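So the protein sequences, as listed, match chains A and B.
When the letters of the first sequence are read in order and numbered with my numbering, they come out as residues 310 to 504.
When the letters of the second sequence are read in order and numbered with my numbering, they come out as residues 310 to 504.
Number of protein chains: 2
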Amino acid sequence: MITKIKGNRKQQIIDKATSLFQKQGYAATSMRDLASYIGIEAASLYSHIKSKEEILQTICFQMANDFFNSLEKVESENLSADIRLKNAVASHVKVLTKDSAASAVFFSEWRHLSDKYLKEFLDMRNSYENKFIQILIDGYKEGVFKKMDAKFTVLALLSSINWMPSWYKPEGQLSPEEIAENVTDVFINGLKIRS
Amino acid sequence: MITKIKGNRKQQIIDKATSLFQKQGYAATSMRDLASYIGIEAASLYSHIKSKEEILQTICFQMANDFFNSLEKVESENLSADIRLKNAVASHVKVLTKDSAASAVFFSEWRHLSDKYLKEFLDMRNSYENKFIQILIDGYKEGVFKKMDAKFTVLALLSSINWMPSWYKPEGQLSPEEIAENVTDVFINGLKIRS
DNA sequence: CCTACCGATCGGTAGG
DNA sequence: CCTACCGATCGGTAGG
């Protein structure tokens, strides 16, 4: 039996790079670092990838697409705003926890993308945030959410979730579903006991 | 009149470094970069600082101390938990917005500290988070907050605030006080209309 | 604060 | 996938 190792090498490079970029940051990770972890020479990496930045691009846009697609599915269901917010948070957390190392890189290393990709990336992020903002505005119109600064609230909401990759461990006590539930509960209901 | 430029040079180096570390990251900022922005040669920097890392240490521990002292003042006032939470958030936002570039460096570049300082830094951060956790636990005991995962909630709360330096501009519409009020309101009262 | 310079390391290429 | 190597750049020091 011939094992398909060849096609996996590129993915192996990307996976190891993801882990190193998360731990040390993109700029502080050298191609020699990466190569030695994989067990080949640095020069050999370039048979599989074009450049160091290409690896970062792959990680960032893969994650961006996952987030986007996941959110679009939620939107297509056309439910009431509070349920949609709940589902959107759940979908966000699910994508995030599926590969928390890639998520961490996605959230903190994107600024090392070169101009063209940086612009594309920021456009996608902006558009993603706007979808959340729309849910909050809809909720206000539907009379289920208070009047608020929707953009501010969305940034606070996403930030509180996005920090997770820095402490989330799959073997921890909280499942992705519980995390989503906790976050949604705090943001929708607040901490105060309702009287 | 003789202007005291000599004593200001070190601060000027730290300020410029703060700005560059925020924009490009610590690892991607070279001492030559920094020197040329200041208008001297790279070698001349070392008349004022011992090493590149010393600059990072100065920024990180300066901010850590500011956060710490500010929170201790809030705690010494011995108020009820919900008011203390409100004040703690306000104090945190105030420190954060006073120098948002330094805050951004503090939050995302600390991992480049060498072992000894890294440990010290993480100990301080842990102890800071624990003070917030204690406020939530007190709030539960006092019957003003719901039963919740206090650690999780604090991490979500601090994360949502700490992301701010990436978008906060002093000339923006929201004052530090309004930001603190918005954050506290969401976390304490939630988005849902109380019925 | 500068000139001159150090050894180490960087991302990447040529050619096999 | 390797050897051999490129030019560029890194943090930092010596000596003035």
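Yeah, the Cβ is synthetic: ideal placement off N, Cα and C, and Gly gets one too.
All values reported here derive from a predicted model rather than from experimental measurement.
Practice task
Would you tell me roughly how many angstroms separate the C-alpha atoms of D458 (chain A) and N471 (chain A), rounded to the nearest one?
Solution key: Roughly 20 Å between the two C-alpha positions.
Handout entry: Touching by the beta-carbon criterion (3+ pairs, under 8 Å), the region 334-352 of chain A and the region 339-350 of chain B
Key = Counting Cβ pairs under 8 Å, fewer than three are found: no touch.
Problem - 7 Å Cβ shell around F377 (chain B) - same chain, five flanking residues per side excluded - result: Excluding sequence positions up to five before and after F377 (chain B), its CB lies within less than 7 Å of the CB of M433 and Y437, all in the same chain and listed in chain order.
Handout entry: C369 (chain B) vs F330 (chain B) beta-carbon contact at 8 Å
Key = Between C369 (chain B) and F330 (chain B), the gap from beta carbon to beta carbon reaches 8 Å or more.
Problem - Any chain B beta carbon closer than 8 Å to R508 (chain A) - result: The structure shown does not extend to residue 508 (chain A), since chain A is modelled only from 310 through 504, so no value can be given for it.
Problem - Buried or exposed by the 16-neighbour rule on C-beta atoms within 10 Å, applied to M310 (chain B) - result: Bear in mind that the predicted position of M310 (chain B) carries a pLDDT of just 46, short of 50, making it too unreliable to give a figure here.
Problem - CB-CB length for L464 (chain B) against W476 (chain A), believed under 8 Å - result: Indeed they touch by this definition, with Cβ atoms about 7 Å apart.
Handout entry: Opening and closing residue of the alpha helix (DSSP H) in which N378 (chain B) lies
Key = First-last of the alpha helix (DSSP H) with N378 (chain B): K361 to E384.
Exercise for the section: Go ahead and pull the three-state DSSP assignment for K478 (chain B). Expected result: Here K478 (chain B) sits in coil by DSSP.
Handout entry: Cutoff 8 Å; reference R341 (chain B); Cβ partners in own chain excluding five residues on either side
Key = Around R341 (chain B): A351.
Problem - Nearest neighbour of L466 (chain A), chosen from A:Q371, A:K319, A:A399 and A:I358 [CA to CA] - result: Among A:Q371, A:K319, A:A399 and A:I358, the Cα nearest to that of L466 (chain A) is on A:A399.
Practice task
Could you tell me whether the Cβ atoms of L422 (chain B) and K455 (chain A) are closer together than 8 Å?
Solution key: The criterion of a C-beta distance shorter than 8 Å is not satisfied by L422 (chain B) and K455 (chain A).
Problem - Start-end ranges of the alpha helix (DSSP H) lying completely within the region 386-466 of chain A, minimum 4 residues - result: Counting only runs of 4 or more residues that sit fully inside the region 386-466 of chain A, the alpha helix (DSSP H) segments are 390-407, 409-417 and 424-450, in chain order.
Practice task
Please say whether T462 (chain A) and K395 (chain A) have beta carbons closer to each other than 8 Å?
Solution key: Not a contact, by the Cβ cut-off of 8 Å.
Practice task
Pair every Cβ in the region 319-334 of chain B with every Cβ in the region 403-414 of chain B, then say whether three or more of these pairs are closer than 8 Å.
Solution key: With the cut-off at 8 Å, the region 319-334 of chain B and the region 403-414 of chain B touch.
Exercise for the section: Mind reading off the beta-carbon distance from A390 (chain B) to E451 (chain B)? Whole number of angstroms is fine, and I expect it under 8 Å. Expected result: About 5 Å separates the two Cβ atoms, so the contact holds.
Handout entry: E350 (chain B): first and last residue of the uninterrupted alpha helix (DSSP H) it sits in
Key = Here E350 (chain B) belongs to no alpha helix (DSSP H), and DSSP marks it neither H nor E.
Handout entry: Rounded C-alpha distance that separates V404 (chain B) from Y355 (chain A)
Key = Their Cα atoms are separated by approximately 46 Å.
Problem - Where I314 (chain B) sits in the DSSP three-state scheme - result: Since pLDDT at I314 (chain B) reaches only 48, below the 50 mark, its modelled position is unreliable, and the value read off the structure follows with that caveat. Of the three classes helix, strand and coil, the one that applies to I314 (chain B) here is coil, per DSSP.
Handout entry: Through-space distance from D424 (chain B) to L431 (chain B), alpha-carbon basis
Key = Going from the Cα of L431 (chain B) to the Cα of D424 (chain B) covers about 10 Å.
Practice task
Please report the Cβ distance between L380 (chain B) and K460 (chain B), rounded to the nearest whole angstrom; I am assuming they are in contact, meaning their Cβ atoms lie under 8 Å.
Solution key: For a cut-off of 8 Å, the C-beta gap from L380 (chain B) to K460 (chain B) is around 17 Å, too long to register as a contact.
Practice task
Go to I488 (chain A), then tell me how far its alpha helix (DSSP H) extends in each direction, as first and last residue.
Solution key: Element bounds for I488 (chain A): P485 to N498.
Practice task
Report the neighbours of I497 (chain A) on chain B: residues whose CB is nearer than 7 Å to its CB, in chain order.
Solution key: Going along chain B in sequence order, the residues near I497 (chain A) (Cβ under 7 Å) are G499, L500 and K501.
Handout entry: Contact check, V402 (chain A) vs I322 (chain A), beta carbons under 8 Å
Key = Using a Cβ distance threshold of 8 Å, V402 (chain A) and I322 (chain A) do not count as a contacting pair.
Practice task
Could you work out which residues of chain A lie near A373 (chain B), taking near to mean beta carbons separated by less than 7 Å?
Solution key: Per Cβ cutoff of 7 Å: no residues; A373 (chain B) is ~17 Å from chain A at best.
Practice task
Starting from M457 (chain A), find everything on chain B with Cβ-Cβ shorter than 7 Å and list it in chain order.
Solution key: Those are L500, listed as they occur along chain B.
Handout entry: Which residues DSSP lists as bridging K319 (chain B), in chain order
Key = Looking at the DSSP output, K319 (chain B) sits in no beta bridge, so it has no partner there.
Practice task
Can you pull the chain A residues whose beta carbon is under 9 Å from the beta carbon of W472 (chain B), in chain order?
Solution key: Neighbours of W472 (chain B) in chain A, taken as residues whose beta carbon is under 9 Å from its own, are L464, A465, L467, S468, S469, N471 and W472 in chain order.
Problem - Proximal residues to G448 (chain A) (C-beta, below 7 Å), its chain only, five neighbours per side dropped - result: Result list for G448 (chain A): A390, D391, L394 and F454, in chain order.
Exercise for the section: Establish whether the CB of W476 (chain A) and some CB of chain B are separated by less than 8 Å. Expected result: By this cut-off, W476 (chain A) is an interface position.
Practice task
Determine the contact status of Y426 (chain B) and Q371 (chain B), defining contact as a CB-CB distance below 8 Å.
Solution key: No, the Cβ-Cβ distance between Y426 (chain B) and Q371 (chain B) is not below 8 Å.
Practice task
Could you name the residues of chain B that H357 (chain A) contacts, counting a contact when the two beta carbons are closer than 9 Å?
Solution key: Within chain B, no residue has its beta carbon less than 9 Å from that of H357 (chain A); the closest one is some 24 Å off.
Problem - Residues that K501 (chain A) bridges to, as DSSP identifies them - result: DSSP output for K501 (chain A) lists B:F454 as bridge partner(s).
Exercise for the section: Check each residue of the region 403-428 of chain B: if its Cβ is closer than 9 Å to any Cβ of chain A, include it; give the result in chain order. Expected result: From the region 403-428 of chain B, only S417, E418, R420 and H421 have a Cβ closer than 9 Å to chain A.
Problem - Of the residues B:I497, B:K319 and B:S484, the one placed nearest K359 (chain B), counting alpha carbons only - result: Ranking the options by Cα distance to K359 (chain B), first place goes to B:K319.
Practice task
Pull up the distance between the alpha-carbon of N374 (chain A) and that of E362 (chain B), whole angstroms please.
Solution key: About 37 Å.
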